[in-house]
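Q:
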Amino acid sequence: MMVLEPVDQAASALLQARRARRWLPSLPEACRPRSLRDSYAIQGKVLAELGPIAAWKVGAPRPDAEPACAAIATATTFESGTVIPAAMFHMLGIEAEIAYRLSSDLPPRDRDYEPDELIAAIGSIHPVIEISDTRFVEWASQDRFSHVADQLNHGALIVGEGRSDWCDVAVTSQETILSINGETSAAVVGGNPAGDPLRLLLWLANVGARPFGGLRAGTVVTTGSVTGVAFVTAPAKVAARLPGIGSVTATIGEDR
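In this text, residue positions in the sequence shown follow the numbering used here: the first is 241, and each later residue adds one.
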């Protein structure tokens with residue numbers, strides 16, 4: 241009988257939780273990640289099963305904190321207006337975010353990308369909603385390495401139409417209104433604890449995405465919640481409006 245390596249064991253446990261909807265109290269001690277390197281290796285194994293990468297999430301708790309990231313599969317990336325089956329999820333945490341779509345590849349290389357190279361590779365800015373979820377029984381119950389291994393609580397990403405003149409948007413003073421079933425859940429200005437999102441994208445290009453083959457043209461990168469998370473039950477209609485950028489909507493569960 242073949243014995244799996246710890247990274248493969250952890251990825252298998254997370255994938256089985258998704259498929260069988262039997263949520264994990266934690267990853268087994270023998271295969272729990274002990275470093276961010278372990279966490280990203282587990283992410284890579286999970287993504288190899290979920291499908292090709294369509295997007296990324298990257299964030300940080302403070303402007304001076306080291307970011308963390310998660311690759312997002314095509315299977316959990318949707319356009320605005322989509323009806324998404326509630327059966328995809330264990331929990332439904334709704335967050336409004338600002339994202340960027342790349343117009344050029346940023347492959348791994350020997351020297352770091354400079355800020356002007358990153359700016360030249362960005363094609364547009366977009367309003368997005370992320371549905372936060374977990375493969376663990378309880379929300380926010382795990383150590384940081386396990387949390388990163390589980391795609392940083394990613395459930396789904398819904399991408400609204402954007403604008404190409406993204407440099408004209410003052411993102412740190414951007415207004416965002418998040419609505420759930422027609423009622424305002426959050427209305428904020430700014431709100432991203434990481435500060436300037438371009439710092440996050442530059443870190444992603446130079447560090448976070450390297451083990452995954454870098455960043456590809458067409459990829460969407462979402463840069464962290466600006467509204468905080470609002471938990472809902474299905475069916476639900478969710479919407480985010482970011483004046484000057486655009487709007488994004490989705491229905492979770494039956495269309496009502």
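Built from N, CA and C at the ideal position, the CB exists for glycine as well.
#1: With DSSP collapsed to three states, give me the class of T463.
#2: Per the contact definition of three or more C-beta pairs closer than 8 Å, is the segment 482 to 492 in contact with the segment 312 to 328?
#3: A480 by DSSP, collapsed to three states: which one?
#4: Of the choices R439, A479 and P483, whose alpha-carbon is the least far from that of E305?
#5: Which partner residues does L276 have in the DSSP bridge list?
#6: Since L276 contacts A315 with CB under 8 Å, what's their CB separation in whole angstroms?
#7: Which whole-angstrom value describes the C-beta separation of V469 and S372, a residue pair presumed to lie in contact below a C-beta threshold of 8 Å?
#8: When the Cα atoms are used, what is the spatial distance from A308 to A449?
#9: Pick helix, strand or coil for V286, following the three-state DSSP scheme.
#10: Roughly how many whole angstroms lie between the Cα atoms of A270 and D248?
#11: How long is the line joining the alpha carbons of N393 and F385, rounded to whole angstroms?
#12: Once DSSP output is grouped into helix, strand and coil, what is the label at E494?
#13: Apart from the five residues on each side of it in sequence, which residues of its chain come closer than 7 Å, Cβ to Cβ, to R481?
#14: Quick one: residues in its chain with C-beta nearer than 7 Å to the C-beta of A361, no 5 flanking neighbours on either side, listed in chain order?
#15: Given that a residue counts as buried once 16 or more other Cβ atoms are within 10 Å of its Cβ, and exposed if not, what is V429?
#16: Can you tell me whether S266 is helix, strand or coil according to DSSP?
#17: Given that a residue counts as buried once 16 or more other Cβ atoms are within 10 Å of its Cβ, and exposed if not, what is D356?
#18: Mind checking A339: buried by the 16 CB within 10 Å criterion, or exposed?
#19: Among the residues of its own chain, which have a CB less than 8 Å from the CB of T424, if the five just before and after it don't count?
A: In short:
#1: T463 falls in the strand class under three-state DSSP.
#2: Taking 8 Å as the limit for Cβ pairs, the verdict is that the segment 482 to 492 does touch the segment 312 to 328.
#3: Secondary structure at A480: strand, using DSSP grouped into helix, strand and coil.
#4: One point to set straight first is that residue 305 is Ala, not Glu, in the sequence displayed. Of R439, A479 and P483, the smallest CA-CA separation from A305 is found for R439.
#5: According to DSSP, which records beta bridges pairwise, L276 is partnered with nothing at all.
#6: Rounded to the nearest angstrom, the Cβ distance from L276 to A315 is 25 Å, too far for a contact under 8 Å.
#7: Going by Cβ atoms, the distance from V469 to S372 rounds to 6 Å, so yes, they are a contact pair.
#8: Going by C-alpha positions, A308 is about 10 Å away from A449.
#9: In the structure shown, V286 sits in a helix (DSSP, three-state: H, G or I).
#10: For A270 and D248, the gap between their C-alpha atoms comes out near 11 Å.
#11: Distance between the alpha carbons of N393 and F385: 12 Å.
#12: Coil.
#13: Short of 7 Å from the beta carbon of R481, and not among the five residues preceding or following it, lie these beta carbons of its own chain, in chain order: I417 and S487.
#14: Taken in chain order, the residues that qualify are L342, S343, S344 and L346.
#15: That one is exposed.
#16: Here S266 sits in coil by DSSP.
#17: Within a 10 Å sphere around the beta-carbon of D356 sit fewer than 16 other beta-carbons, which makes this residue exposed.
#18: By the neighbour-count rule (16 or more Cβ atoms within 10 Å), A339 is buried.
#19: If we look at T424 and ignore the five residues flanking it on each side, its Cβ neighbours are I417 and L418.
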